[in-house]
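Residue numbers (the UniProt record's numbering): 1 to 208.
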């Protein structure tokens, strides 16, 4: 995830300003769930870590970008929530096995460069979840209005900084069948899958 980490380090401050509010799908997922340890994989500026902190005894946010982790720490200070915010890759989470009974892995898997890396990250999520733990996974989908393709594909989307500099960001845009196939190829137990707001979602559980 080296390229992703450098990309988001460069745009962290500006990116964070555009990501103030949590997604309604994450709010809905967490509405009737609580946990002892909750993990936000690819936590970014901490907007969803904040939700987890309200639903668990301990919240942990993991991100490859130290710039985004700084933004998350600032958010935690400003908004008064407690979370451990640590540097790490989704493919090698710096967490013990069977430690989390609640997790979100949102808008991150689609930045990983190939299928092996993406499935490895799902295996890592399975590893850190308890057997009865619940997690929500999301990825950008071909169902989004921006796209007119039905099969998954790789693309680059530029982020434009205030001075006009553009920073390319890699995405793998999933089609829903491909998303389900990657989930099934992992060690996760797969529950409900659905699309909403141009994203694929899945409710998953710990290792089968």
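Beta carbons: idealized from backbone N, C-alpha and C, even for Gly. These figures come from a predicted structure and were not determined experimentally.
Beta strand (DSSP E) segment containing residue i, residue limits
i	result
residue 160	153-160
C-alpha gap between residue i and residue j, whole angstroms
i	j	result
residue 51	residue 30	8 Å
residue 1	residue 33	Bear in mind that a pLDDT of 43 at residue 1, under 50, signals an unreliable position, so the number given afterwards is only what the model happens to contain. The straight-line gap from Cα to Cα measures roughly 30 Å.
residue 183	residue 71	30 Å
residue 200	residue 192	11 Å
residue 61	residue 42	7 Å
residue 18	residue 160	12 Å
residue 28	residue 125	20 Å
residue 25	residue 202	11 Å
residue 65	residue 181	28 Å
residue 179	residue 138	9 Å
residue 63	residue 204	20 Å
residue 116	residue 186	10 Å
residue 113	residue 7	13 Å
residue 21	residue 141	20 Å
residue 11	residue 169	10 Å
residue 111	residue 167	14 Å
residue 16	residue 198	21 Å
Per DSSP, cross-strand counterpart(s) of residue i
i	result
residue 199	140 and 196
residue 170	156
residue 206	Residue 206 pairs with nothing; no bridge assigned.
residue 188	207
residue 35	56
Whether residue i touches residue j by CB criterion (8 Å)
i	j	result
residue 35	residue 56	yes
residue 157	residue 174	no
residue 83	residue 59	yes
residue 9	residue 67	yes
residue 93	residue 134	no
residue 76	residue 46	yes
residue 96	residue 121	no
residue 132	residue 80	no
residue 107	residue 130	no
residue 48	residue 128	no
N- and C-terminal bounds of the alpha helix (DSSP H) containing residue i
i	result
residue 150	Taken as a continuous stretch (DSSP letters only), residue 150 belongs to no alpha helix (DSSP H), as it is neither H nor E.
residue 7	2-17
residue 214	Summary: the structure shown does not reach residue 214, with the chain confined to residues 1 through 208, and so no result is reported for it.
Closer than 7 Å: residue i CB and nearest the ligand PLP heavy atom
i	result
residue 187	Ligands in the displayed structure: none, and consequently the ligand PLP is not present.
Next item on the list: Quick one: which unbroken alpha helix (DSSP H) runs of 4-plus residues sit fully inside the UniProt domain "Methyltransferase type 11" (39-135)? Chain order, please.
Entry: With a minimum length of 4 residues, the continuous alpha helix (DSSP H) runs that stay inside the UniProt domain "Methyltransferase type 11" (39-135) are 47-55, 66-79 and 115-128.
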